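Let me begin by presenting the structure, written as structure tokens, before commenting on it.
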Amino acid sequence: MNGTSKKTLSETVAVKAAPISEAAAGAILTVDLSAIRENYWRLKVRLGGVNCAGVVKADGYGLGGPQVAAALAAEGCAIFFVAHLAEGALLRQALGAWPAIYVLNGIQPGAESEAVEAQLSAVINSA
Numbered sequence: 460m461n462g463t464s465k466k467t468l469s470e471t472v473a474v475k476a477a478p479i480s481e482a483a484a485g486a487i488l489t490v491d492l493s494a495i496r497e498n499y500w501r502l503k504v505r506l507g508g509v510n511c512a513g514v515v516k517a518d519g520y521g522l523g524g525p526q527v528a529a530a531l532a533a534e535g536c537a538i539f540f541v542a543h544l545a546e547g548a549l550l551r552q553a554l555g556a557w558p559a560i561y562v563l564n565g566i567q568p569g570a571e572s573e574a575v576e577a578q579l580s581a582v583i584n585s586a
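Okay, so the sequence shown: first residue is 460 according to this note's numbering, each after it adds one.
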């Protein structure tokens, strides 16, 4: 080093994002729940009697997991996957007792009673 002090990453890249308009953003994401329902229905017909599940982890990757799941449930989707127990509990509140909800990352020790209360099932993901 040439005698300059080290700066932390937060000091060197501390930039506040200013709010911008939709026009300035350059991209707009529209979630069309009717299209999601239509796509599920088409896949369900194509699969015949094979079950099709909805994966809505991380809030549906920011698209609104409970809203997407409700649209899929309206088309008969009865199986959902989430990443974590908290997501599963929120989904259970949104959908009620009917669909099966599986937690991909399992249930952490000490959280078993919460999983039982929310009627969640764990997925075995390691040997």
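The C-beta atom is built at its ideal place from N, Cα and C for all residues, glycine as well. No experiment lies behind these values; they were computed from the predicted model shown.
Proximity winner among the options, relative to residue i (alpha-carbon distances)
i      : options                           : result
His543 : Ala482, Leu502 and Ala574         : Ala574
Gln578 : Gln552, Ala483, Asn584 and Ala533 : Gln552
Glu534 : Cys511, Gly521, Ala556 and Leu550 : Cys511
Ala528 : Arg505, Leu554 and Ala517         : Leu554
Cys536 : Ala570, Ser585 and Val504         : Val504
Gln567 : Asn584, Ala559 and Ala556         : Asn584
Val515 : Gly565, Ser493 and Ile538         : Ile538
Glu571 : Trp557, Arg501 and Ala545         : Ala545
Own chain residues within Cβ distance below 6 Å of residue i, not counting five before or after
i      : result
Ser580 : Tyr561
Leu531 : Tyr499 and Gly513
Buried versus exposed, by CB contacts within 10 Å (16 or more), residue i
i      : result
Val541 : buried
Ile495 : buried
Leu506 : exposed
Per-residue DSSP class, three states only, for residue i
i      : result
Thr467 : Since pLDDT at Thr467 reaches only 47, below the 50 mark, its modelled position is unreliable, and the value read off the structure follows with that caveat. Thr467: coil per DSSP, three-state reduction.
Ser480 : coil
Ala581 : strand
is_contact[residue i, chain B] using C-beta, thresh 8 Å
i      : result
Pro568 : Absent from the structure is chain B; it holds one protein chain and no more.
Neighbourhood of residue i by C-beta distance below 7 Å, restricted to the same chain and skipping five residues each side
i      : result
Gly547 : Val541, Ile560, Val562, Ala577 and Leu579
Neighbourhood of residue i by C-beta distance below 8 Å, restricted to the same chain and skipping five residues each side
i      : result
Glu481 : Ile487
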